[in-house]
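Enquirer: Just so you know, we're using the working numbering here: the sequence shown kicks off at 21 and counts up by one.
Below is the structure I would like to discuss, written out as C-alpha cells.
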Amino acid sequence: MKLKVGVLCGGRSGEHEVSLKSAASIIEALDKEKYEVIPIGITKEGTWLAGDDPLEALSSGKLPGNNKPVFIVPDPSVGGFMWLKEGPSGKSFEKLDVVFPVLHGTYGEDGTVQGLLELAGIPYIGPGVLGASAGMDKVIMKMVYQQNALPIGKYVYFLKKEWDENNEVWLDKIEEKLGYPCFIKPSNMGSSVGISKAKGRKELSEAVEEAGLWDRRIVVEEYIKGREIEVSVLGNDKPAASVPGEIVPSSDFYDYKAKYIDDRSQLIIPAELEPHLTAKVRDLAVKSFTALDCTGMGRIDFFVDEKEEKIIVNEINTIPGFTQVSMYPKLWEASGLSYSELLDRLIKLAIERFDEKKQLKTAFDL
C-alpha cells in the first residue's frame with residue numbers, strides 16, 4: 021500500500037518562491053510506485069490549499085484555481101487535514117502518513133509547523149520543534165554552540181526597539197567589538213533575505229534598518245576570512261555527514277541574488293580540502309547538528325581558512341534548499357546517495373522518530 025506523503029510548500033515567508041522550487045523537485049522525484057503525493061500549498065497570506073495543483077496556482081498567482089482551503093487538525097485521531105469545503109469525491113478529511121514541510125524560513129522552518137504536526141500526530145521530515153526553532157534563530161543557535169565549545173565568530177545582537185531608542189550606543193559597541201566590514205542579519209530568516217555587508221557607519225545604520233523589516237531581533241557578525249564550505253547531515257540519533265562542498269559566490273557575498281537569480285555562483289563538489297580539514301568539518305557538522313537536538317536533515321555552513329587551519333561554524337539550515345541543483349541533495353549524491361534515495365531515507369527517518377516517540381508516556385497514572 022502506498023504511503024500518503026503531504027508536501028507542504030509556499031508559506032508566509034520571504035523564502036516563499038524558493039520553497040515552491042524545492043517542492044516541485046521533491047514532488048517530481050518521489051517514487052510514485054511507493055508514494056501517493058499530496059501537495060499542499062500555503063499562500064503568502066497563510067491560506068492552505070489542496071486539490072488540483074496548488075504549486076501551479078501559487079506560482080502563477082491564479083488562486084485558488086481548482087484547489088480548496090484545507091487545515092491540519094491538531095487531533096491525532098484525524099491524522100491528516102480537513103477540507104473547509106467539500107473535498108474531492110465528497111471526502112471531509114484526508115489521512116497523511118508523513119509530511120514533508122518544504123517551508124524555508126518563518127512559519128515553517130522555525131518550529132511553528134513542527135508543533136502543529138506534533139499535535140496532529142503526523143510523522144514529519146526534518147527536526148522537531150526544538151531543533152527547528154533553535155536552528156532558525158541565529159542568536160539562540162550561537163548561544164547553544166558556545167555552550168558546546170563549537171567554534172563560532174564574534175557577534176553582537178539587540179532588539180530593533182533597543183536600536184531605535186539609542187542607535188549610537190549600538191553603533192559604538194559594534195565598531196568596538198567587530199569593526200568593519202561586518203554582516204547584519206535578521207535573527208530569524210534564511211536564504212540571505214535581509215542580510216547586508218557594511219563597510220562603514222552609514223552602511224551599518226542602513227543595514228540594521230533593512231534587517232529590522234524582517235525580524236524584531238538583529239544580529240551583527242564579524243567578517244571572517246575564509247572559504248565557504250558546506251556539509252549535509254542526515255540521520256536521527258546517529259547522524260552522518262556528507263562530503264563537503266564549496267560555494268564560490270558570484271557577488272561580494274552569497275546573497276539572495278547570488279543564490280537564486282544570476283546563476284553564476286559556483287558549487288564545487290567535493291570541496292578541495294586537505295584530508296584532515298575534510299575530516300574536521302565533517303565531525304563539526306555532526307556535532308553542530310546534535311548540539312541543537314536536530315533530526316532528519318540539516319546543512320551546516322562553515323568558513324575555512326586553510327593557511328591558519330581555522331574553521332568557524334557559521335550556521336545550520338534545518339530545511340535547506342531541495343531543488344535538484346541545491347547543495348544539500350547534491351552533496352549526498354556525491355556521497356553515493358541519489359536524490360530519490362535521499363527522499364526515501366528521510367521518509368524512513370521521520371517514521372522511525374515518530375514510532376519511537378509513540379512509545380513514550382504522556383500521562384501520569386495515579
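Idealized CB from N, CA, C, for every residue including glycine.
At 3 residues or longer, what runs of the beta strand (DSSP E) sit wholly inside the segment 220-262?
Expert: 237-242, 247-255, all fully within the segment 220-262.
Enquirer: So, Ser285 versus Pro269, is the Cβ gap smaller than 7 Å?
Expert: Yes.
Enquirer: Report the three-state DSSP secondary structure of Met163 (helix, strand or coil).
Expert: It is helical.
Enquirer: Given 8 Å as the limit, is there contact between the segment 140-156 and the segment 57-67, that is, 3 or more CB pairs closer than that?
Expert: Not touching, per the Cβ criterion.
Enquirer: Can you find the residues in the same chain that come closer than 6 Å, C-beta to C-beta, to Glu329, ignoring five residues on each side of it along the sequence?
Expert: Nothing listed; no residue qualifies.
Enquirer: Rounded to a whole number of angstroms, what is the C-alpha to C-alpha distance between Tyr381 and Gly141?
Expert: Here residue 381 is Lys; the residue named in the question, Tyr, does not match the sequence. Roughly 14 Å separates the two Cα atoms.
Enquirer: If you draw a straight line from the alpha carbon of Lys174 to that of Asp117, how long is it in whole angstroms?
Expert: For Lys174 and Asp117, the distance between alpha carbons rounds to 43 Å.
Enquirer: Thinking C-beta only, is Gly318 closer than 7 Å to Ile289?
Expert: No. Outside cutoff.
Enquirer: Hey, out of Lys327, Met156, Leu233, whose CA is closest to Leu297's CA?
Expert: Nearest of Lys327, Met156, Leu233 to Leu297, Cα basis: Lys327.
Enquirer: In the structure shown, what three-state DSSP assignment does Pro349 receive?
Expert: Residue state, collapsed to three classes: helix.
Enquirer: Using DSSP's beta-bridge definition, name the partner residues of Arg319.
Expert: DSSP, once it has assigned bridges, lists Ser252, Asn337 as partnering Arg319.
Enquirer: So is Phe203 buried or exposed if we call it buried at 16+ other beta carbons inside 10 Å?
Expert: Classification of Phe203: buried, given that the 10 Å Cβ count is 16 or more.
Enquirer: Three or more beta-carbon pairs under 8 Å between the segment 298-309 and the segment 249-268, yes or no?
Expert: Verdict: yes, contact present.
Enquirer: Ser387: which of Pro89, Leu363, Asp130 sits nearest, CA to CA?
Expert: The structure shown does not extend to residue 387, since the chain is modelled only from 21 through 386, so no value can be given for it.
Enquirer: Gly125 to Asp321, Cα distance in whole Å?
Expert: So the alpha carbons of these two residues sit roughly 16 Å apart.
Enquirer: Nearest CA to the CA of Asp192: which residue from Val176, Lys181, Lys205, Pro206?
Expert: Comparing Cα-Cα distances from Asp192 to each of Val176, Lys181, Lys205, Pro206, the minimum goes to Val176.
Enquirer: What are the residues that DSSP puts in a beta bridge with Asp364?
Expert: Its beta-bridge partners do not exist; DSSP assigns none.
Enquirer: Hey, how far is the Cα of Tyr280 from the Cα of Phe384?
Expert: Interpretation of Tyr280 is limited by its pLDDT of 47, a score under 50 that renders its predicted location unreliable; the figure taken from the coordinates is listed afterwards. Using only the alpha carbons, I get a separation of about 50 Å.
Enquirer: Terminal residues of the continuous alpha helix (DSSP H) containing Gly155?
Expert: That run of the alpha helix (DSSP H) goes 149-156.
Enquirer: In angstroms with no decimal places, state the Cα-to-Cα distance between Lys41 and Leu386.
Expert: Going by the C-alpha atoms only, they are around 51 Å apart.
Enquirer: What do you get for Lys388, buried or exposed, if any count of 16 or more other CB atoms within 10 angstroms of its CB means buried?
Expert: In the structure displayed, the chain extends from 21 to 386; residue 388 sits before or after that span and is not available.
Enquirer: Any chance you could list the alpha helix (DSSP H) runs of at least 4 consecutive residues sitting entirely within the segment 43-96, in chain order?
Expert: 74-80, all fully within the segment 43-96.
Enquirer: By DSSP, does Glu35 sit in helix, in strand, or in coil?
Expert: Coil.
Enquirer: Give, in chain order, every unbroken run of the alpha helix (DSSP H) that is at least 4 residues long and sits entirely within the segment 163-193.
Expert: Runs found: 180-185.
Enquirer: Am I right that Leu392 and Arg365 are in contact with their C-beta atoms under 8 Å? What's the rounded C-beta distance?
Expert: Only positions 21 to 386 of the chain appear in this structure, which leaves residue 392 out of reach.
Enquirer: Select from Tyr127, Tyr243, Leu293 the residue whose C-alpha is nearest the C-alpha of Gly199.
Expert: When only C-alpha atoms are compared, the closest one is Tyr243.
Enquirer: Quick one: what does DSSP say Tyr276 is sitting in, helix, strand or coil?
Expert: In this predicted model, Tyr276 has a pLDDT of only 49, less than 50, meaning its place in the structure is not dependable enough to derive any value.
Enquirer: Please look up how many angstroms separate the CB atoms of Cys29 and Val122, rounded, as I've assumed it's under 8 Å.
Expert: Contact flag correct, Cβ pair sits at about 5 Å.
Enquirer: Quick check on DSSP: helix, strand or coil for Gln286?
Expert: It is a strand residue.
Enquirer: If you run the structure through DSSP and keep just helix, strand and coil, what is Val118?
Expert: Three-state result, Val118: strand.
Enquirer: Between the Cα of Tyr348 and the Cα atoms of Gly265, Ala231, Glu376, which residue gives the shortest distance?
Expert: When each option's Cα is compared against that of Tyr348, the closest is Gly265.
Enquirer: With 16 other CB atoms within 10 Å as the buried threshold, where does Val164 fall?
Expert: So Val164 counts as buried.
Enquirer: Could you name the residues of the same chain whose beta carbon sits closer than 6 Å to that of Val90, not counting the 5 residues immediately before and after it, in chain order?
Expert: Once the five neighbours on either side are set aside, the close Cβ partners of Val90 are Trp68, Ala70, Phe101, Trp103.
Enquirer: At what residues does the alpha helix (DSSP H) containing Val133 begin and finish?
Expert: Segment 132-140, the alpha helix (DSSP H) holding Val133.
Enquirer: For Gly146 versus Ile367, is the C-beta spacing smaller than 7 Å?
Expert: Their beta carbons are not under 7 Å apart, which means Gly146 does not touch Ile367 by this criterion.
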